[in-house]
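Have a look at the structure below, then the notes.
Numbering (our numbering), first residue to last: 1 to 157.
Here it is as structure tokens:
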């Protein structure tokens with residue numbers, strides 16, 4: 001005795017249609033996902049720069065001596081690009097307060113200080129800076145400017 005079974009399962013064209021709809025939706029979401037990742041990374045790097053500046057100000061104030069925030073490729077001396085690494089050290093030789101490594105690939109950091117002082121940022125013993133300046137954290141498509149005032153306060157543009 002044979003039973004008449006109803007059709008079960010998926011037809012090939014139904015599977016192809018569902019797969020193509022998923023592909024179209026994935027393609028549309030890739031652009032917004034990339035924008036979100038760039039924005040999130042820029043925000044993280046902005047927090048990193050502000051925290052580094054706060055560390056330099058706190059060290060200068062607590063040790064009662066001037067500090068320097070500079071670009072450092074090696075993490076031991078002030079040389080190299082801001083993207084390669086950053087260093088906070090005392091001017092009197094008490095050593096390195098903190099050193100951070102390079103930025104993620106595709107991101108750059110640069111500093112534009114007052115009077116052409118683009119390599120170092122000097123922090124006075126009272127926690128103030130020798131002059132104002134701006135840090136620029138950039139991805140390929142977008143930049144964030146962090147304005148640093150002489151008082152050490154920051155604002156993002």
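Glycine is no exception: its CB is placed at the ideal position from the N, C-alpha and C atoms.
Given the structure is predicted, the values throughout are model-derived calculations rather than measurements.
Query raised in the report: In three-state DSSP terms, what is residue 65?
Result: In the chain shown, counting from the first residue as 1, residue 65 sits at position 65. DSSP places residue 65 in coil when its eight states are reduced to three.
Query raised in the report: Beta-carbon separation of residue 111 and residue 137 under 8 angstroms?
Result: Translated into the one-based positions of the chain shown, residue 111 becomes position 111. Translated into the one-based positions of the chain shown, residue 137 becomes position 137. Going by C-beta atoms, residue 111 is not nearer than 8 angstroms to residue 137.
Requested in this report: Find the nearest neighbour of residue 67 within the set 89, 130 and 101, judged by alpha-carbon distance.
Outcome: Stepping through the chain shown from its first residue, residue 67 is reached at position 67. Selected option, being the one with the closest Cα: 89.
**Report entry** Backbone secondary structure at residue 79 - three-state DSSP
**Finding:** Position 79 of the chain shown, counted from the start, is the residue given in the question as residue 79. Note: residue 79 maps to strand in three-state DSSP.
Report task. Out of 96, 26 and 92, state which residue places its alpha-carbon closest to the alpha-carbon of residue 75. Result -> Indexing the chain shown from 1 puts residue 75 at position 75. Out of 96, 26 and 92, 96 has the C-alpha closest to the C-alpha of residue 75.
Report task. Can you give me the Cβ contacts of residue 46 inside the same chain, cut-off strictly under 7 angstroms, excluding the 5 residues immediately before and after it? Result -> The sequence position of residue 46 within the chain shown is 46, counting from 1. Contacts found: 137, 144, 146 and 156.
**Report entry** Residues near residue 142 in its chain [Cβ-Cβ closer than 7 angstroms; skip 5 each side]
**Finding:** In the chain shown, counting from the first residue as 1, residue 142 sits at position 142. Here the set comprises 38 and 42.
**Report entry** alpha helix (DSSP H) runs contained entirely in the segment 84 to 135, provided each spans 4 or more residues
**Finding:** none
**Report entry** For residue 151, three-class secondary structure by DSSP
**Finding:** Counted from its first residue, the chain shown places residue 151 at position 151. Three-state DSSP puts residue 151 in coil, outside helix and strand.
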